[in-house]
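Chains as they are written, first to last, in the numbering used here: chain A, 5 to 353; chain B, 49 to 289.
Every residue, glycine too, gets a C-beta built ideally from N, C-alpha and C.
Bear in mind the structure is a predicted one, so any value in this text is a computation, not a measurement.
Structure, as structure tokens:
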Amino acid sequence: MYEKDGEQYFVVDAHQHFWDASPANWVKGQEQYAKGWIECFHAYMGLGPPETHWPLEKFMKYSEDDYVHDVFEEGHIDAAVLQSTYLKEWYTDGFNTAERNARIAEKYPDKLIVNGRFDPREGEAGLKQLEEDAKRYNLKGVKVYTAEWYKGSRGWTLKDPEAQIFLDKCKELGIKNIHAHKGPTIWPLDKDAFDVKDIDVAATSNPELNFIVEHVGLPRIEDFCFMATQEPNVYAGLAVVIGGLMHARPRFFNKVMGELLFWVGEDKMLFGSDYGIWEPKWQVEGFIDWKMPDTEEYSDYPHPTTESKKKIMGLNAAKLYDIEVPAELQLQNGGAPAAKEDAQLVESA
Amino acid sequence: MTAVTATTTASVLGALAEVHDPELDEPITRLGFVTSCEVSPGGDVEVVLQLPTPQCAPNFAFLMAADARTVVRRLPGVRAVTIRLEDHYTGAEINAALGRGEGFAGAFPDETGGDDDLEALRELFLRKALVARESRLCEALLADGDSPEEIAARRVADLPDDAPDARRCIELRRRLGLNHDPGSPAFVLPSGEPVPASGLRRWLRTARLVRMSLEVNGGICRSLLRVHRGVAIDDPEEVLR
């Protein structure tokens, strides 16, 4: 719980990691990819305030003590979702497996949720593994990384027929939240890998599932917004938006938040720190303090209220993951629906 | 001879300034992607490119490297041209294909869906770039007090000669095969149809989002270049604090 100016916020961090990218875990012969990947992540950390930067060595493998300190003791986090990203072509034991996430999660069962993953290219074996993982970790969500390299293939899309088999399996297993993460490659390579149209297709065909688009489809935020405004089950994951822009590029942060509030709406935006890329503390505190400036440049954008921030910081994610929110931290009037005065404009666009 | 060589290096850099990052619609020279450019006394040219991260998308990386090769080869007096993409996770494949004079499919055999010259990808981003540039010009006119009717009535010839956005819009229309005669409408949809006065504000709402997307991506690239590569370049929007 985070308290500021007499207001109390229930904070759910919907996107966190607990990875091992240390050299001991690099696959022989693939070192350049394993090293390049984590160095790229580390560069992103540089977009946060300097006092929150870590040396690369710590960044490659942070400890359980670091996690507990940064997330629970300092980070104001009430509950968090640990996402899984395997990358076993590059990391021997995986970059950030469900198994590794569970090592922390089982010690804090009332606070931490483990999300699994699937990759349709794994076929029958993948389906079986998903069943086992769902049982073992009580999965309510998965993260899918469509740019993952696998046996010579450099990616896949959610509209592949094989992907639908896995989405059906998710429904059967009670997994309802699909966090989709776009990356720089996809098959075929001549297509725009960041395109979010496949999520549109999957969201339309699977209305009983929720699709959370991580880092709001960046660098295709425009495609994401046009899609999310039409799909009731598509959500904006704010990882990278807050961490990557709020400190480094505050004017862009205002504009991106303004567009998301306009197109997607405050009921469908979820805070995610992307820890270990960025510590949650400065993001939570900074976001609660942030205000849409009252200048002409931003006059067209919705101006979020305290209630909007309570939803974005935790109440929206609590709903998706059935997390119990103490009565005093819920919205007092049950939460008025977000203003939709612009919906007509959007629908007729 | 020294003077000639110096001129040639400058002319190579001048030619490279025509190459745009397709996603950002900005010259690769202004983005700091050209890290070295050497011209031998005999006219052999070697250009080294470095992108903000090793994980930048291979298809866009290929387009920039291939375009760099094309513009440099066009220069008079140039002999062999080597374009080297450095510190990129598909750099080896891309450099080898360029060296063989092959297209994207040559770099990644069996990994493309048939668009071996990436023409569809390129066109998609030319259209996004056109929308983004037009929105900037349109907002400036609205700020100056123009009405939607006045803006919709404007012709290409009415656009300010000295505005880089206006010049680039004409170039983008040319490359997209859209009419860009002086008498054609100044503001067009990606289909080439004029933006109607009645729908101008609605069009601007979506166009502004496309523009913001391009600008934010450019901002993130600049931030990463600074943090990851130690390259500080001109930054029109903001500075990393």
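Taking all protein chains shown into account, residue 33/A has fewer than 16 neighbouring C-beta atoms within 10 Å of its C-beta and is therefore exposed. Between residue 14/A and chain B, the shortest Cβ-Cβ separation is not below 7 Å. Straight-line measurement puts the Cα of residue 153/A at about 15 Å from the Cα of residue 160/B. Within the region 217-249 of chain B, no residue has a Cβ lying closer than 8 Å to any Cβ of chain A.
Under the three-state reduction of DSSP, residue 84/B is assigned to strand.
Under the three-state reduction of DSSP, residue 226/B is assigned to coil, being neither helix nor strand.
A residue is called buried when at least 16 other Cβ atoms come within 10 angstroms of its Cβ; residue 103/B meets this threshold and is buried.
Look at residue 105/B: its C-beta is under 7 Å from a C-beta on chain A. CA-CA distance, residue 93/B to residue 279/B, rounds to 23 Å.
In chain A, no part has a C-beta under 7 Å from the C-beta of residue 143/B; the shortest such distance is about 14 Å. Separation of the CB atoms of residue 62/A and residue 24/A is rounded to 12 Å, and the pair is thereby denied contact status at 8 Å.
Residue 56/A and residue 88/B have their C-alpha atoms some 46 Å from each other. Interface with chain A (7 Å Cβ-Cβ cutoff): residue 195/B is excluded.
Nearest Cα to residue 6/A within the set 295/A, 311/A, 214/A, 289/A: 289/A. The beta carbons of residue 162/A and residue 206/A sit closer together than 7 Å. Looking at the DSSP output, residue 100/A shares a beta bridge with 89/A. For residue 174/A, the nearest beta carbon of chain B is not closer than 7 Å to its own beta carbon.
Relative to residue 177/A, the option among 141/A, 257/A, 224/A whose CA is nearest is 141/A. Three or more beta-carbon pairs drawn from the region 268-285 of chain A and the region 72-80 of chain A are found closer than 8 Å, and the two stretches are therefore classed as touching. According to the DSSP assignment, residue 13/A belongs to no alpha helix (DSSP H) but to the beta strand (DSSP E) extending over 11-13. Between residue 160/A and residue 113/A, the beta carbon gap of about 33 Å keeps them out of contact (Cβ cut-off 8 Å).
101, 102, 103, 104, 105, 106, 107: these are the residues of the region 80-110 of chain B whose beta carbon lies less than 7 Å from some beta carbon of chain A, given in chain order. Around the beta carbon of residue 310/A, fewer than 16 other beta carbons sit within 10 angstroms, so the residue counts as exposed.
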